[in-house]
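Since the structure comes first, as structure tokens, the remarks are kept for the end.
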Amino acid sequence: MKPFVTLGMALLLCGMLCGCMNSLRLKDRAIVQALGIDRSEGGYQLTLQYFVPTSSGEGDSRTNRNGLLSASGDTLSEAIENASRSYGREVFFGSNKVIVLGQSVAEMDAHDPIDYLNTHHQLHPSMILLLAEGEAADIVGDEKSDAAEIEKLAETALHSHRMTGGTLLDAVTQMKTGSLELPILRQGEEGFLLEGAGLLDGEKLVDELTPSEVEGVLWLNGEIGRNLLHLSLPDGGICVLEILSGRTEKRVHTDTDGGLIFDFSIHADCAVRELTGSKRGEREMAEELRYLAEQKILQLCRRALEKTVQKNGADLFELGTAVRHFLPDYAQKYRDSLPSRMQNSQVDLRISCIPSRIGLEADENKR
Amino acid sequence: MFRKWNAFIHGEERRDYMHPKPVRGVDEHLSGDLSADMIQIRRMFDNSSDLVDRSIMAAGTPIRVLICEGMVNLGTYAEILAEPLMNLPPTLQDKDALLDYIRRDSLLGADQKEFHTFGDLFTFLMSGFAVILIEGLPLGIACGMQGFSFRSISEPSSEVNVRGSREGFVEPLRINLTMIRRRIKSPALKFELMQSGVRSKTEVALVYMTDSVSGELLDTVRARLKSAELDVVLDSGYLQPFLEEKPLSLFSGVGTTERPDTLCAKICEGRIAVLVDGSPFAMIVPYLFNENFQSVDDYTHQPYYAAFIRLLKYAAFLFTILLPGTYVALATFHPELFPDALLFNIASSEESTPFPLLFEALIIHFIYELMREAGLRLPRPIGHAVSIVGALVIGDAAVTAGLIGAPMVMVVAITAISSFVVPSLYQSITVLRFVFIIIGGVWGLFGITLGIGVLFCNLCAKHPLGVPETAPASPFSLYPMRDIFTRQNWKRLGRRELLIQDMPGSQIKKDA
Amino acid sequence: MQKITVPQFFILLFLCRSFTFFTFTPGSGHTLTDTSSLLGLLLACLGSVVLLLPVWMILRRHPGMGLIEYAFHRSPGAGTAAATFFSLYALFEAVGSVVHFTIFLTTAIYPQESAWGFVLLFTLAALYFVWMGLEATARLSGLILVALIFSVILISGAFVPEWEALRLCSPFIGGTAPILRSAAVTLSETAELVPMLLLIPYLKDAGKKMTRGFLWWILAVFLALGGISLLLIASIGEYADTQSYPLYAAAKMTRLFYFQRLDALHLFIWTLLGLIKTALFLYVSRQSLFCLLGKRAQKWVLPILGGVTAAGSILLCRSFRAYEAYDAISLSGVPLLLCVLIVPLLVSLCRKKGGDAA
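Chains as they are written, first to last, in numbering that gives the first Met the number 0: chain A, 0 to 366; chain B, 0 to 511; chain C, 0 to 357.
As structure tokens, this is what we get:
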């Protein structure tokens, strides 16, 4: 009996060897590196940059180049299906580095594509997600465009805190608050630039943030470190401070009328990196530099708040979260009108920026 | 349905297995009539040409001295048997006096035994004894003067070490027993001899420490060995299955060793060693899974280095069984798990290869096993050439020809090297590697996880002779873990002995 | 009869509980990504203790007896009914485990594959575990626990720098209803209470160790699951709310040295947890049937249980309506309440065999 049972089990298992799971060879996959999504009345247009292997096991991947593929469809799934069909290989997003949304997507409805990207099992949440100035096809489909370089550009900006958000994870998280900010990728003369950000009200593009406003958002979110702060000195000189570390604390309380007052305490530690055009020494100017830095940061933060919260009602600073944390009863009571209350709230900013390190040059050399 | 199958199978003519018929008269007693006995002996031996007999007169009595040619040390034979027998004291006049003299007043051999049957006569004769038959006495005297040639003690080939003894067991059982005795000069060390094999009557020795071993364990081992009904026992491997436990598993609950120092260490932990005459591999029971990763070098090196090597061995084991299958699974079903640069290299290499990765992995591993096996069987000078050809064939030519990708060659290389780090598990590793390659290529990471679960469940279900195979990791006990993944300093390790009965989950009764 | 130690048993149950917690299925309306779920978890743990009190009072007077043995002790009829009921419940849970796991696989990892292959393989592997015995499964669970702790530390450690206390808000922000709902759902998922009552005869030195073991188990469940929930809420926050399998999403995002994601590790651990849970409930079902049918059932019970599990799982995976109905029954808590409270009380009210009054 036992040998028959064993034989039966073995045959059953062997039977399952015959393709119970669809396996695909790597050469049957189009390994997508960058994805551009544009929208029109007819549906979606996709531009895909995919990896083209050149040799068999020799050399390194730097000698390989990327290929380009375009496809369209009424829905994203249909467009991807059409891309696979036209290229003859299964589109594979597991190695995708960058997704660029065209301005058309942001102007019509960004929520659905981002939601689709979030639920796609191959896409990684920490993938770079950017907004194109114009058509995504112009950026992704450009012959000189390389997904790895765009990714490097974005990662450098992220690490040096010159860009806020920028990943699929950030976009999905922000969408829950009803507002979304996407860094803008522009085509410069000598390459691509990440400058400014697009502000969406969860679905559509409503405004654009300038680079200084983006900087203000970074300060308010506490995403600071290794940025540079340029200060114009009264005597015509310029001082460059490098922000070594910083933190932002948020609190909220109500005033007598029941209005919200948000308190932002920003503390930063900085170092003087460059002082030009001034005859005075760094040590001499320490207090003045501190004052100027704080004023500059204050200005950046106010501009950011004006553009985001006050003008467009965009909660990019987890203000709603702060209200739920500090004033749970208030949040419960004014659940439906909370966004408008936040838009009309007051903000108190307390900035502290201390130049803790001075450069090597002795003050005597300046006199 | 199964009955029909059974009937179909049994319908064929089958020869039932039977024990060989014993040689007629082998259990008969010696008659005392020398001529009649010699006729019997020659008939039973069928006049085999290696039987040498010499007839001499001693004390007025005809005696016969029988030896097997080549089995006896002729110098010893001449000096302590032939010469004294030829120069007996004149006071000995009859057979009884002669027998008395042989029994009490002489030393005709280091080992002197009396026997009464023809069966025993042949056993002693073929064990290198010189046999004396005396006219009128229905008994024989066997004198030990073995002088057959055997391999000299050399470094064990299967357990090479950097530091520690270079002695390994040899084929003769007695030599092996002396090697053990020299290392443990304690009266508690006991050798228990028995015979195994209906025809071969091979000597089997149970070796244990009477002050450490469990009586229950001993009885079990003894009973299992006695239950082994085999015609011939030519190696310890013949008896190994009788000591194994259910369930059927790729991992053995019986350990083997060629090293006397390893054996001595194991028996001091309450285990039992089984040595078989003619085999340099001793068996040790019970044998736990973690012992596959222990070696003599671990106990001679510094503890930190020993810990490093142990962890390396565990990692090597996992690499060698899982790396090819995981590589195939990831590349086929989960390429997103590869870092980008690696993925591009693999994709580039796969671009021009004709076979799917699963097939590639199976081919290359099969070729590797062919090369390895060929290198083992061939004479040494040719064996070197085979390894060079293997390296060229597999390494360079196959990649250049576009048959396999370069990453697969790396995988094979790492897998092959890792498999030699744990030589005791080589058999299991080889089979498991192929199994996981197939599983990974067909069912991906999910299949590999199921395979690992099934494998470890099988391992956890084993309890060789009442001790859980995965002890002391599971069931867990902190104190015995001192010598599993790391090795404590000898100052602490030697402070308290840990017997096999003390392992967590052990069902072996501890003797009072 | 194979017996395991009490610590081994509770490690088994801890692993089963971990599986249930992290692979809940979409559409159940059950989310564990806000702070009310933490309080709900605490209440569920306390609720488990309260729920078990009556049956604990009954069984402590009959040391070494499980519920089925106690039922047979009361009367053969009660024993037969109890054995049948518990066997069916355990099979119900085993099917649920297979379905939950298959849905996770076919949603998150292999969305283009059909479910039947996974169901068959998974069920076969679980049957093998049952065939190997409770002791082998318990020993394996010790090894899996180490792997689980290691993987959770790796994944959690990656998210500690993202910790933002601001994301933690009062659990009462939505009122008490979400907390109670969360507690009820969490408690209804604690099917491990049933093996706890049925497998007492298979434990060495049950007695006092059971009570202590149970309390340690409850504490470990609360600390482990609560800790991970807390970390997910505070570090990923709103993003976890968008994911059906938050811990899987977290594992996907974890970077470790050169490895960009650890979801393979997550898949590895949860597959093993799923196998352990399915095997445990199949074992309970089998042993219950042995109590009912005796030794003559030994040869064919396991294949039949495997067939029913596989068939039921494939049906539920293919029909979302059937699956929703199953989920509704399971999350209602009624089956668990019946097993842990109603049936033991009814059995204790039965006339004891031999004519003694109940």
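Note that beta-carbon positions come from the ideal geometry of N, C-alpha and C, so glycine has one too.
- For residue 93(A), the nearest beta carbon of chain B is closer than 8 Å to its own beta carbon.
- The beta carbon of residue 330(B) falls within 8 Å of a beta carbon belonging to chain A, placing the residue at that interface.
- Residue state for residue 300(B) is assigned as coil, using DSSP reduced to three classes.
- In the DSSP assignment, residue 207(C) falls within the alpha helix (DSSP H) that extends over 206 to 234.
- Residue 176(C) is classed as exposed because its beta carbon has fewer than 16 other beta carbons within 10 Å across all chains shown.
- Against chain B, a Cβ distance below 8 Å from residue 131(C) picks out 246, 456, 457, 459, 460.
- As the crow flies, the alpha-carbon of residue 3(C) is around 15 Å from that of residue 275(C).
- Contact holds between the region 75 to 86 of chain B and the region 131 to 146 of chain B, because three or more Cβ pairs, one in each stretch, are under 8 Å apart.
- In this structure, residue 316(B) lies near residue 424(B), with their beta-carbon atoms less than 8 Å apart.
- Bounds of the beta strand (DSSP E) holding residue 282(B) are 281 to 284.
- A contact is defined here as three or more CB-CB pairs under 8 Å, and the region 236 to 246 of chain A meets this definition with respect to the region 261 to 278 of chain A.
- Listed in chain order, the beta strand (DSSP E) runs fully inside the region 28 to 63 of chain B are 50 to 57, counting runs of at least 3 residues.
- Straight across, the Cα-Cα distance linking residue 162(C) with residue 233(C) is about 5 Å.
- Counting along the chain, residue 490(B) sits inside the alpha helix (DSSP H) bounded by residues 489 to 492.
- When rounded, the separation of the alpha-carbon atoms in residue 420(B) and residue 444(B) is 25 Å.
- Within the same chain, 122, 194 come within 6 Å of residue 200(B) by CB-CB distance, once the 5 residues on both sides are set aside.
- Fully contained in the region 20 to 91 of chain C are the following alpha helix (DSSP H) runs of length 4 or more, in chain order: 34 to 58, 66 to 73.
- Assignment of beta-bridge partners to residue 43(A) by DSSP yields 38(A), 72(A).
- In this structure the region 106 to 122 of chain C does not lie against the region 78 to 92 of chain C, because fewer than three pairs of beta carbons, one per stretch, are closer than 8 Å.
- The beta carbons of residue 463(B) and residue 285(B) sit about 4 Å from each other, so the pair counts as a contact at 8 Å.
- Secondary structure at residue 267(A): strand, using DSSP grouped into helix, strand and coil.
- In the three-state DSSP reduction, residue 278(C) falls in the helix class (H, G or I).
- For residue 189(A), the closest alpha carbon among the candidates 143(A), 213(A), 150(A), 205(A) is that of 143(A).
- Nearest in C-alpha terms to residue 393(B), of all of 412(B), 382(B), 379(B), 380(B), is 412(B).
- Comparing alpha carbon positions, the residue from 273(B), 313(B), 328(B) closest to residue 434(B) is 328(B).
- Relative to the Cα of residue 133(C), the nearest Cα in the group 336(C), 223(C), 194(C) belongs to 194(C).
- Chain A has no Cβ within less than 8 Å of the Cβ of residue 35(C).
- For the region 292 to 303 of chain B, no residue has a beta-carbon sitting nearer than 9 Å to a beta-carbon of chain C.
- The CB of residue 288(B) never comes closer than 9 Å to any CB in chain C; the least such distance is about 11 Å.
- Rounded to whole angstroms, the Cβ separation of residue 8(C) and residue 202(C) is 6 Å, and the two are in contact under 8 Å.
- In the three-state scheme derived from DSSP, where H, G and I count as helix and E and B as strand, residue 349(A) is classed as strand.
- Residue 206(B) is positioned such that its CB atom lies closer than 8 Å to that of residue 190(B).
- No residue range can be given for residue 486(B), since it is assigned to no beta strand (DSSP E) and is classified by DSSP as neither H nor E.
- For residue 21(A), the chain C residues whose C-beta falls within less than 8 Å of its own C-beta are 111, 112, listed in chain order.
- Per DSSP, residue 137(B) lies in no alpha helix (DSSP H) segment and is marked neither H nor E.
- In this structure, residue 321(B) lies away from residue 440(B), with their beta-carbon atoms at least 8 Å apart.
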